[in-house]
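Asker:
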Amino acid sequence: MKVTHKDFLMELKKSPGRFLSMLFIVALGVAFFSGIRASEPSMRVTGDAYFDGADLMDVKAVSTLGITREDIQAFNEADTIEKAEGAYSADVLSDTKDDQFVLHMMTLPKNMNKVTVSKGRMPEKAGECLADEEMDYKIGDRIVVKSGTDDPLSDTLTTDTYTVVGIGNSPCYISFNRGSTTIGKGTIDGFLVVSEDTFALDTYTEACMQVKGTKTLTAYTDAYEKKVEKATDQIETLGKKRGRIRRQELVNEANDKIAKAEKKLEKGKKTSGEKLKKAEKKIKDGEKKLSAGKKELANGRQKLVNARKTLKAKEKELDQGEKEYRAGKAQLRAGRQKLKKGWSEYRTNEAQYEQMSAQMAGIEAATSQLAEAKAKLEAGKKELEASEAKLTASERKLAKAKSKLKSGRKQIKNAYREISEQEKKLTKGEQEFTESEKKLEKAKASYKKGKKEAQEKIKKAEKKVSDAKKKVADIPKAKWYIADRNDLPEYTSYGENADRMRAIGKVFPVIFFLVAALISLTSMTRMVEEQRTQIGTMKALGYGKAAIASKYIGYALLASAIGSVMGFLIGEKIFPFIIIYAYGIMYLHIPEILIPYHWGYAAFASGVAVACTLLATIEACYRELGGTPAVLMRPPAPKIGRRVFLERIGFLWKHLSFTWKSTIRNLMRYKKRFFMTIFGIGGCMALMLVGFGLRDSIFEIADLQYSEIQYYDGSVYLKENLTEKEIDNLDDFLTKDSDVIRHMKAKMQSVTLAKGKKKRATYECVFGEPEDVRDYVHFRDRRSHTPYKLTDDGAIISEKTAKLLNAKAGDTIRIKDEENGDKKVKILKICENYMGHYLYLTPACYEKIYGEKPEYNCFLFTIRDGYSQKQKEDAGKKILARKEVLNVSYMHEIREQLDDMLKSLNLVIVVLIISAGMLAFVVLYNLNNINIAERQRELATLKVLGFYDQEVGAYVYRENLILTLIGAGVGIGIGRILHLFIIQTVEVDAAMFGRNINPPSYLYSFLFTVLFSIIINGVMYFKLRKIDMVESLKSVE
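Residues in the sequence shown are numbered consecutively from 54, following the numbering used here.
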């Protein structure tokens, strides 16, 4: 084995501490540099693998006129689309005992957006569902849903009750956020996956598409975004074409329905007319019948009256006849008695005549008297016979009269009975007539009502047809909304977090790496300078420069190469894993962390580390090898001691002890070591301060933005095309609402601001009552906190917006308006703002700019103090239930989302702080090691002079602590500058981080630095004890 090789191996055995410290500092620098740099692409690879495995869609299309199967077929035929499938979705409400959930019900495309089923199975029929695993549902639970709008649920879904048959998660929701909606409280709580037959819709609500070639690309990369952008442009063009076709289909369909309706209307008119004519004829016939019946009843009544009169007359006649009969009967009885008396007298006279005839027989004179008497008697007899005949005839006549009277009485009685029956019939006829009259009146009323209803129905039908015709004319052009993955909840934030890691990786690891490289460079330079005597000896023995230098170059190469390999092998696994795991707190459903090696970062970091170390070693070697062997074999002349500044302050210098004077002189004597130590410690202190400062700057923005800048509780967004009366009604409602203590109309719209070639999308905010804006938004300067007032003379814009536009107060910027030309506005003030971009205007200023009054589209509101989150949401639900309201957003939800996102950075920042602390530890160890190594003879001399180990240690520690304190002070200055630079580099365009470092962060950084220095001093104490005093007695020669 060659002597140089043996010397190399002996050097490794002799100084393992130096070798290992150099190896570890290179490993730490390379690990941190390549590991932090690799975190961003590893995050993208991990996310992309999950998205590809779940076949997450690249693009989603939604049309205001629905999406047909023909639309899906057209998308599938597009040359940029790999596959397209239709899907259904709807937002519904579900009440529980204590709360109300807003659920997003959706079907899944067959080959996209695959759900991961953690329990149970997928739904197979209507009435089954798979529930979001972030909800508290269990398999077997029944979920009852209802519509959150005025439209009935049956218009959208076939059933309102669902049984949970599975639990899972969707690649569309990688974090807690489920998006916003226009029902309920305005935000979605979870999703339900259902089968297609659950929906009662004729068309799909959305089309999901995958773009050709994106599976081979990594998500979030420029190549992926360009591919999707190209497909999106094609889909938009195709959507316009399909929109025209779809509109025409609806027009044709509507016209067909109108034609059928018109035909039905005409038929209805005809049928209705015929029915009305029949009814009218029936009524007229009824009226005629009633009129005839009425006459008939009147005639019948008159006949009855006449009959009753006639009967009365007949009855009178009968009474008269009876009277005459009774009189005749009495007269006849009297005549019969008179006749009887006459006959009695006749028989008496006849007896007397017989007696007289007997007595007077023969007497002539008596005979004549007898003849005269007989003649009288015969005449009397004849008269009696005549009277008797007359009486018999009268009796016969009276009998006949009696019989006739009896018959007449019977006839009258029968007539009365007949009249009574006829009267009953007439009364019944009159009742029937009255009923018929009522029926006729009812028929007339029914006819009128039917006629009116028929006319109204016809009018309604005609109006429907007319309205339908108008609607056909007013059928809007189909609006297509094309969204990509960036519109999915939290998808963009995952990419933005990866971007933040890239931004951190651009600056923080570079400083870290430079400190590590500088210390390793110093180590090798010191090693070469320490061994100048050995170099001189080797040179005197005839070894060439290359042979001598090979030992040091090999030493540096081996340490830096092993350190580099260790660094990137460990760093590119550990740092990305920790960072992605930290974000996993927020992105729960990304199952597997993929951490491939990124050889570009590894090669760059390793190359720079090895190159820096080798170049420094070669430079130091050839600087020393330039001298003659005789010069090199003697130690360099001690540095000339010079008076320090404190020596000129006599009263102070005289009171210092020998050790303190020696310490101060040594600090000034070894200027190279002084500045290297200060830079090393200062750099580490600065890195730790930056780590703590990053935490302060990032975590304070939520409090600053939503407690000091914007402190209203929410925004009520109005539906389009509301009338002033409707807006005033909502205004009155909010005024009377006991939960709302204040509210104000506002107009918020997205505009594009421009200055020169720079543009920025910004929210334009116009407050209805600018004098009260202080109750909602606080305009102030970030540095001085000087409050600003919004006036009619110009606009106030947010600080980040002004920075991106390179604008300042007093500048004039443009509000882009492609239709009516750009509008100019003067910047009055630039206000503190951390989230989003804002341009604030008064109504008068808006009117000056646009030439019209602002149309307010939202209300800002503040809920009463002391309300819980649930109470605030309940208050918001009441507002959202109003027909004028489109959506309600809550500031506390935005703040919570921001806090959740920032919390995931906490572990990342802890990693940065720990790494900076580790670097500080290694740097301090290395510098102290070099310091002791190059001053070994000096320290041995102190021991010979009687210094105890503790005193020698104090002699060194004192210098180290002073250098640590000075380095920490320098580190504070460097850290502040570096923190400001890094925070501005790390910022994304949509946000501005805080610029301040809190006092505790300074204290923690300082204490850690001092603590590391004390620990290193403790470790170095054992090395000081091993210094051999005999070394100081040896001659250099």
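Note that the Cβ used here is the ideal one computed from N, Cα and C, for glycine as well. The structure presented is a predicted model; accordingly, all values stated were derived computationally and were not measured.
If you draw a straight line from the C-alpha of asparagine 166 to the C-alpha of alanine 137, how long is it?
Answerer: Along the sequence shown, read from residue 1 onward, the residue named residue 166 stands at position 113. Along the sequence shown, read from residue 1 onward, the residue named residue 137 stands at position 84. Those two C-alpha atoms are separated by around 12 Å.
Asker: Just the C-alpha distance for lysine 882 and tyrosine 903, rounded to the nearest angstrom, thanks.
Answerer: Numbered from its first residue, the sequence shown carries residue 882 at position 829. Numbered from its first residue, the sequence shown carries residue 903 at position 850. Distance between the alpha carbons of lysine 882 and tyrosine 903 is about 21 Å.
Asker: If we call anything under 8 Å between Cβ atoms a contact, is cysteine 665 one with leucine 972?
Answerer: Start at 1 with the first residue of the sequence shown, and residue 665 comes out as number 612. Start at 1 with the first residue of the sequence shown, and residue 972 comes out as number 919. No, the Cβ-Cβ distance between cysteine 665 and leucine 972 is not below 8 Å.
Asker: Buried or exposed: methionine 1082, going by 16 or more other Cβ atoms within 10 Å of its Cβ?
Answerer: Position 1029 of the sequence shown, counting from 1, holds the residue named residue 1082. So methionine 1082 counts as exposed.
Asker: Identify whether valine 198 lies in helix, strand or coil by the three-state DSSP scheme.
Answerer: Reading the sequence shown from its first residue, position 145 is the one you call residue 198. Coil.
Asker: Under three-state DSSP, which class holds proline 907?
Answerer: Here residue 907 refers to the residue found at position 854 when the sequence shown is read from its first residue. Three-state result, proline 907: coil.
Asker: Nearest to arginine 90 by CA position, among Gly1024, Thr401, Leu965 and Leu995, is which residue?
Answerer: Your numbering for residue 90 matches position 37 in the sequence shown. Closest option to arginine 90, Cα to Cα, is Leu965.
Asker: Just how far apart, CA to CA, sit serine 1088 and lysine 592?
Answerer: Taking the sequence shown and counting its residues from 1, one reaches residue 1088 at position 1035. Taking the sequence shown and counting its residues from 1, one reaches residue 592 at position 539. Legend: pLDDT at serine 1088 = 49, less than 50; position of this residue unreliable, value from coordinates given subsequently. Taking the straight line joining both Cα atoms gives about 21 Å.
Asker: Using a Cβ-Cβ cutoff of less than 6 Å, which residues in the same chain neighbour leucine 742 once the five nearest sequence positions on both sides are dropped?
Answerer: For the purposes of this step, residue 742 is taken as residue 689 along the sequence shown, with counting starting at 1. Around leucine 742, the same chain offers Gly1028 and Ser1058 as residues with beta carbons nearer than 6 Å, after the five sequence neighbours per side are excluded.
Asker: With DSSP as the reference, label histidine 831 as helix, strand or coil.
Answerer: By one-based count along the sequence shown, residue 831 stands at place 778. Residue state, collapsed to three classes: coil.
Asker: For alanine 1079, report the span of its beta strand (DSSP E) as first-last.
Answerer: As a working note, residue 1079 is residue 1026 in the sequence shown. The sequence given here places lysine at residue 1079; alanine does not occur at that position. Premise fails: lysine 1079 is in no beta strand (DSSP E) and is neither H nor E.
Asker: Name the DSSP bridge partner or partners of asparagine 940?
Answerer: Taking the sequence shown and counting its residues from 1, the one referred to as residue 940 is at position 887. Looking at the DSSP assignment, asparagine 940 forms a beta bridge with Tyr770.
Asker: Which residue comes first and which comes last in the alpha helix (DSSP H) that contains alanine 614?
Answerer: Counting from one through the sequence shown, the residue named residue 614 turns up at place 561. First-last of the alpha helix (DSSP H) with alanine 614: 598-637.
Asker: By Cβ distance below 7 Å, which residues in the same chain neighbour alanine 345 in space, the five residues on each side in sequence not counted?
Answerer: Counted from its first residue, the sequence shown places residue 345 at position 292. There are no such residues.
Asker: For isoleucine 868, does the three-state DSSP call read helix, strand or coil?
Answerer: Looking up residue 868 in the sequence shown gives position 815. In the three-state scheme derived from DSSP, where H, G and I count as helix and E and B as strand, isoleucine 868 is classed as strand.
Asker: Counting C-beta neighbours from all protein chains within 10 Å, is the total for serine 228 16 or more, i.e. buried, or is it exposed?
Answerer: By one-based count along the sequence shown, residue 228 stands at place 175. Counting Cβ neighbours within 10 Å, serine 228 comes out buried, since at least 16 surround it.
Asker: Helix, strand or coil for methionine 262 per DSSP?
Answerer: Here the question's residue 262 lines up with position 209 in the sequence shown. Note: methionine 262 maps to strand in three-state DSSP.
Asker: Contact check, leucine 992 vs valine 1005 under 8 Å by CB: the rounded distance?
Answerer: Locating residue 992 in the sequence shown gives position 939, where the first residue counts as 1. Locating residue 1005 in the sequence shown gives position 952, where the first residue counts as 1. Contact flag correct, Cβ pair sits at about 6 Å.
Asker: Can you give me the Cβ contacts of arginine 917 inside the same chain, cut-off strictly under 7 Å, excluding the 5 residues immediately before and after it?
Answerer: Within the sequence shown, numbered from 1, the residue matching residue 917 stands at position 864. Result list for arginine 917: Asp792 and Ile794, in chain order.
Asker: Can at least three beta-carbon pairs, one atom from the stretch 238-257 and one from the stretch 156-172, be found at a separation below 8 Å?
Answerer: yes
Asker: Does the distance from the CB of valine 218 to the CB of cysteine 182 come in under 8 Å?
Answerer: Here the question's residue 218 lines up with position 165 in the sequence shown. Here the question's residue 182 lines up with position 129 in the sequence shown. Yes. Within cutoff.
Asker: So which of Ile702, Ala614, Gly70 and Tyr605 has the shortest CA-CA distance to threonine 670?
Answerer: Your numbering for residue 670 matches position 617 in the sequence shown. The residue with the shortest Cα to Cα distance from threonine 670 is Tyr605.
Asker: Could you tell me the alpha carbon to alpha carbon distance between isoleucine 880 and glycine 221, rounded to whole angstroms?
Answerer: By 1-based counting over the sequence shown, the position of residue 880 is 827. By 1-based counting over the sequence shown, the position of residue 221 is 168. Straight-line Cα distance between these residues: approximately 51 Å.
Asker: Identify whether glutamine 153 lies in helix, strand or coil by the three-state DSSP scheme.
Answerer: Numbered from its first residue, the sequence shown carries residue 153 at position 100. Glutamine 153 falls in the strand class under three-state DSSP.
Asker: Determine the closest residue to lysine 925 out of Asp953, Lys342 and Lys238, with distance taken between C-alpha atoms.
Answerer: Position 872 of the sequence shown, counted from the first residue, corresponds to residue 925. Comparing Cα-Cα distances from lysine 925 to each of Asp953, Lys342 and Lys238, the minimum goes to Lys238.
Asker: On the premise that isoleucine 196 lies in contact with serine 147, defined as a C-beta separation below 8 Å, what is that separation, rounded to the nearest angstrom?
Answerer: Taking the first residue of the sequence shown as position 1, residue 147 is located at position 94. Taking the first residue of the sequence shown as position 1, residue 196 is located at position 143. Taking the Cβ atoms as the reference, serine 147 lies roughly 6 Å from isoleucine 196, within the contact range of under 8 Å.
Asker: Pull up the distance between the alpha-carbon of proline 94 and that of glutamine 126, whole angstroms please.
Answerer: Reading the sequence shown from its first residue, position 41 is the one you call residue 94. Reading the sequence shown from its first residue, position 73 is the one you call residue 126. If I take the Cα positions, the gap works out to 36 Å.
Asker: Taking Cβ positions, are threonine 258 and valine 145 nearer each other than 8 Å?
Answerer: Taking the first residue of the sequence shown as 1, we reach residue 258 at position 205. Taking the first residue of the sequence shown as 1, we reach residue 145 at position 92. No, the Cβ-Cβ distance between threonine 258 and valine 145 is not below 8 Å.
Asker: Check whether the Cβ atoms of tyrosine 273 and glycine 548 lie closer than 8 Å to each other.
Answerer: In the sequence shown, residue 273 corresponds to position 220, counting from 1. In the sequence shown, residue 548 corresponds to position 495, counting from 1. Cβ atoms of tyrosine 273 and glycine 548: closer than 8 Å.
Asker: Once the 5 residues before and after cysteine 911 are set aside, which same chain residues still bring their CB inside 7 Å of it?
Answerer: The residue labelled residue 911 in the question sits at position 858 within the sequence shown. In chain order, Ser768, Val769, Tyr770, Leu771, Ala799 and Met801 place their CB closer than 7 Å to the CB of cysteine 911, counting only its own chain and leaving out the 5 sequence neighbours on each side.
Asker: Out of curiosity, what's the CA-to-CA distance linking lysine 842 and proline 1052?
Answerer: Stepping through the sequence shown from its first residue, residue 842 is reached at position 789. Stepping through the sequence shown from its first residue, residue 1052 is reached at position 999. Between lysine 842 and proline 1052, the alpha-carbon positions lie close to 32 Å from each other.
Asker: Quick one: residues in its chain with C-beta nearer than 7 Å to the C-beta of tyrosine 277, no 5 flanking neighbours on either side, listed in chain order?
Answerer: Taking the first residue of the sequence shown as 1, we reach residue 277 at position 224. Same-chain partners within the cutoff: Thr267, Leu270 and Thr271.
Asker: Assuming phenylalanine 252 contacts leucine 210 (C-beta within less than 8 Å), just tell me the rounded distance between them.
Answerer: Start at 1 with the first residue of the sequence shown, and residue 252 comes out as number 199. Start at 1 with the first residue of the sequence shown, and residue 210 comes out as number 157. Indeed, because the Cβ distance is near 6 Å, the residues count as touching under 8 Å.
Asker: For threonine 915, write down the residues that DSSP places opposite it in a beta bridge.
Answerer: One-based indexing of the sequence shown puts residue 915 at position 862. Answer is Arg795.
Asker: Please specify which runs of the alpha helix (DSSP H), each continuous and at least 4 residues long, are wholly inside the stretch 541-574, giving them in chain order.
Answerer: none
Asker: Please state whether the Cβ-Cβ distance between isoleucine 866 and lysine 808 is less than 8 Å.
Answerer: Within the sequence shown, numbered from 1, the residue matching residue 866 stands at position 813. Within the sequence shown, numbered from 1, the residue matching residue 808 stands at position 755. Yes, the Cβ-Cβ distance between isoleucine 866 and lysine 808 is below 8 Å.
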